[in-house]
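Colleague: Take a look at the following structure, please.
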Amino acid sequence: MNPVLDMTIDELFEQFDKLRVLIIGDVMLDSYVWGRVERISPEAPVPVVTVDRRELRLGGAGNVLLNVQALGAEAIICSIIGIDGPGDQLEKELCDRELNCDGLIRSADRITTIKERIIAGSQQVVRVDTETDKYITSDERKLLIAKAKELIPTCHVVIFEDYDKGVLSKEAIAEITDFANERGVPTVVDPKKRNFLSYQNTTLFKPNLKELREGLKVEFDVDNAEEFQAVVTQLKETLNLKGALITLSERGAFIDYNDEKLKLPAHVRKIADVSGAGDTVISIAACCVALKQPPSIIAGLSNLGGGLVCESVGVVPIDKAQLKEEAKENL
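For the sequence shown, position 299 (counting from the first letter as 1) is numbered 299 according to UniProt numbering, and the numbering increases by one without interruption.
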């Protein structure tokens, strides 16, 4: 594929349909139990939730898969989950949504992450996490790297989707990034704290403000443009990045990429729920990077999409048609 820089919005959205996107990282299962509380338990001073319905959803890197798919691209997961009941359910959820599981590895030595939320009315009563955050074993890491190397030459961009659950490690990140760079496949990163400084030589790095402060262990005034840009420069130099996209919540977004620095304001929205906005941002940004778009489009379209999904309750993938209409009006 030889993308061109000067695409119309219509052409850009058509090109999304031709992309193959590899998502490497922590995929998990979200379980929701909805019910109502009518009494307190006689066993302990806790509410008794009478269940009305249950639902399973893809979580973690799974929501990035759904966002990439919603943009029209083929989304391929590369991850390690357990040989257990939740793992079976997770694989079924992926297959039911026609997501590519060529990079999914099952391990008898690892449990599948499942986050169960008990909700009474509109109030979350408790969340129960069944998970491990231990790094995968060296044998599992070799399998993961081998699978990534098998898939990368057929893909247009790699997304590292890191939730600090142990699938991604310094060694895996370095070897996969080097391999992708050798083949000219860009790498886009959604980091967490533990591996923050391990993403050397990647193409576009997307932390939020909290992650930026914690990852570099620096304090700064985000409203002081000179001070903030100095921190972004420090980030790029520390990790030898080609670019950084910083999400600023209600302040919008900032991108430093291809010798351009741009700050974009947030669009006025009726915010219902910010959950999953970062997953939408990284998905759009990665597809734009794959198509060699300029920083204004990468940040502008990502910023639009992140705001759009905040208007919906719960974690939902982007609506491509709605995003395209807003892009025509705002970009």
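Even glycine gets a Cβ: it sits at the ideal position worked out from N, Cα and C.
Where do the ends of the alpha helix (DSSP H) carrying C155 lie?
Modeller: It is not in any alpha helix (DSSP H) - C155 carries neither H nor E in the DSSP assignment.
Colleague: When you compare each of E150, K193 and D164 to R183 by their alpha carbons, which one comes out closest?
Modeller: The residue with the shortest Cα to Cα distance from R183 is E150.
Colleague: Can you look up A253 in the DSSP assignment and give me helix, strand or coil?
Modeller: Strand.
Colleague: With which residues is G60 paired in a DSSP beta bridge?
Modeller: Paired residue(s): V27.
Colleague: Using beta carbons (cut-off 8 Å, strictly below), is L65 in contact with chain B?
Modeller: Here there is only one protein chain, and chain B is not present.
Colleague: So for P295, helix, strand or coil by DSSP?
Modeller: Looking at P295 - three-state DSSP - the assignment turns out to be helix.
Colleague: Could you give the first and the last residue of the continuous beta strand (DSSP E) run that contains A263?
Modeller: With the sequence shown as reference, residue 263 is identified as Lys, and Ala is not the correct amino acid for it. Unbroken beta strand (DSSP E) run through K263: E260 to L264.
Colleague: For C287 and L19, which I take to be in contact (beta-carbon distance under 8 Å), what is that distance rounded to the nearest angstrom?
Modeller: So it is a contact: roughly 6 Å between Cβ atoms.
Colleague: How many angstroms separate the CA atom of I80 from the CA atom of V33?
Modeller: Cα-Cα distance, rounded: 26 Å.
Colleague: Give the straight-line distance between the Cα atoms of E161 and I23, rounded to the nearest whole angstrom.
Modeller: Computed Cα separation, rounded: 7 Å.
Colleague: Once DSSP output is grouped into helix, strand and coil, what is the label at L12?
Modeller: Three-state result, L12: helix.
Colleague: If I'm right that A75 touches L90 with Cβ under 8 Å, what's the distance once you round it to whole angstroms?
Modeller: Not confirmed; about 15 Å, so no contact.
Colleague: Hey, would you say S41 sits closer than 8 Å to R117, going by beta carbons?
Modeller: Not closer than 8 Å, so no.
Colleague: By a C-beta neighbour count over all protein chains shown, 10 Å radius and 16 as the cutoff for buried, is Q293 buried or exposed?
Modeller: When all chains shown are included, Q293 counts as buried.
Colleague: In the DSSP assignment, find the alpha helix (DSSP H) that holds D96 and state where it starts and stops.
Modeller: That run of the alpha helix (DSSP H) goes G85 to D96.
Colleague: Could you spell out where the beta strand (DSSP E) holding L104 opens and where it closes?
Modeller: Residues N100 to S107.
Colleague: Throw me the rounded Cβ distance for the D26 and T154 pair, which I believe falls under 8 Å.
Modeller: About 23 Å; that fails the 8 Å criterion.
Colleague: Relative to the alpha-carbon of S249, which residue among D6, Q322, P45 and L209 has its alpha-carbon at the smallest distance?
Modeller: Out of D6, Q322, P45 and L209, L209 has the C-alpha closest to the C-alpha of S249.
Colleague: Leaving out five residues before and five after V68 in sequence, what residues of the same chain have Cβ atoms less than 6 Å from its Cβ?
Modeller: The residues are V21, A75 and S283.
Colleague: Leaving out five residues on either side along the sequence, give the residues of the same chain with a beta carbon under 6 Å from the beta carbon of V189.
Modeller: Only F160, Y199, T202 and F205 meet the Cβ criterion.
Colleague: Can you name the residues that DSSP bridges to D129?
Modeller: DSSP lists K115 as partners of D129.
Colleague: Write down the C-beta distance between E93 and L71 rounded to the nearest angstrom, noting that I regard them as a contact closer than 8 Å.
Modeller: With a Cβ gap of about 19 Å, E93 and L71 do not count as contacting.
Colleague: For the pair the stretch 131-142 and the stretch 101-110, tell me if three or more CB-CB distances fall below 8 Å.
Modeller: As far as the Cβ criterion goes, the stretch 131-142 touches the stretch 101-110, which means the pair count is three or higher.
Colleague: Closest to L262 by CA distance: which of D279, G278, F228 and T238 is it?
Modeller: Among D279, G278, F228 and T238, the Cα nearest to that of L262 is on F228.
Colleague: In this structure, how does DSSP classify D279 when only helix, strand and coil are distinguished?
Modeller: Three-state result, D279: helix.
Colleague: Determine the direct distance from the alpha carbon of M7 to that of E325, and round the result to whole angstroms.
Modeller: Each residue's Cα considered, the two are about 15 Å apart.
Colleague: Here's a check: name, in chain order, each residue in its chain whose Cβ is nearer than 6 Å to the Cβ of S257, leaving out the five neighbours to either side.
Modeller: Here the sequence assigns Tyr to residue 257, which means Ser is not the residue at that position. If we look at Y257 and ignore the five residues flanking it on each side, its Cβ neighbours are G243 and P295.
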